[in-house]
């Protein structure tokens with residue numbers, strides 16, 4: 015799909031506020047509401063808009079501790095990679111997973127209730143998975159920016 019400046023404006027505005035109506039988009043970018051609706055539908059069908067959701071504070075759902083976990087696999091055979099990918103799909107605590115370059119093969123973002131839950135995830139799920147050879151974990155101390163948005167109240171905190 016070829017996107018133009020209007021499509022880019024729609025994408026940018028919806029990224030900041032997915033609740034904007036077609037009329038609000040129209041007022042902000044200078045197209046009619048019906049044109050904004052057609053463009054939004056086309057962007058959705060092209061999978062450039064992958065969904066709409068509420069961004070919740072982890073504490074709102076009892077998952078106040080975030081961790082970043084680097085994972086290295088034993089090897090990259092189809093059996094090990096597919097098994098690891100299945101595990102990613104099954105473990106709800108893993109909220110984001112990225113295949114990466116560098117020393118690790120994957121970077122996982124996890125959300126758990128507390129340090130004990132993080133320890134359980136690492137020792138009883140990740141470490142015991144047959145494809146995993148190495149894990150390196152970091153606990154998130156402060157969330158400063160997520161999904162392109164500054165976290166309210168975080169900007170003034172010292173690092």
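Numbering (my numbering), first residue to last: 15 to 173. Even for Gly, the Cβ is constructed at its ideal location relative to N, Cα and C.
C-alpha gap between residue i and residue j, whole angstroms
i, j, result
"residue 82", "residue 159", "15 Å"
"residue 42", "residue 130", "47 Å"
"residue 102", "residue 61", "23 Å"
"residue 116", "residue 44", "45 Å"
"residue 173", "residue 152", "Confidence is the limiting factor: at residue 173 the pLDDT is only 45, short of 50, which leaves the residue's position unreliable and the question unanswerable from this model."
"residue 19", "residue 163", "22 Å"
Of the listed residues the options, nearest to residue i (C-alpha basis)
i, options, result
"residue 95", "73, 58 and 120", "120"
"residue 68", "61, 31 and 92", "31"
"residue 113", "106, 104 and 123", "123"
"residue 165", "139, 72, 37 and 56", "72"
"residue 79", "56, 90 and 109", "109"
"residue 143", "58, 28, 99 and 29", "99"
Beta bridge counterpart(s) of residue i as assigned by DSSP
i, result
"residue 163", "160"
Proximity below 8 Å, CB of residue i to CB of residue j
i, j, result
"residue 2", "residue 85", "It is not possible to answer for residue 2, since the shown part of the chain is limited to 15 through 173."
Length-filtered (4 minimum) alpha helix (DSSP H) runs lying within the stretch 67 to 155: Scanning the stretch 67 to 155 for uninterrupted alpha helix (DSSP H) segments of 4 residues or longer gives 92 to 104 and 129 to 134, listed from N- to C-terminal end.
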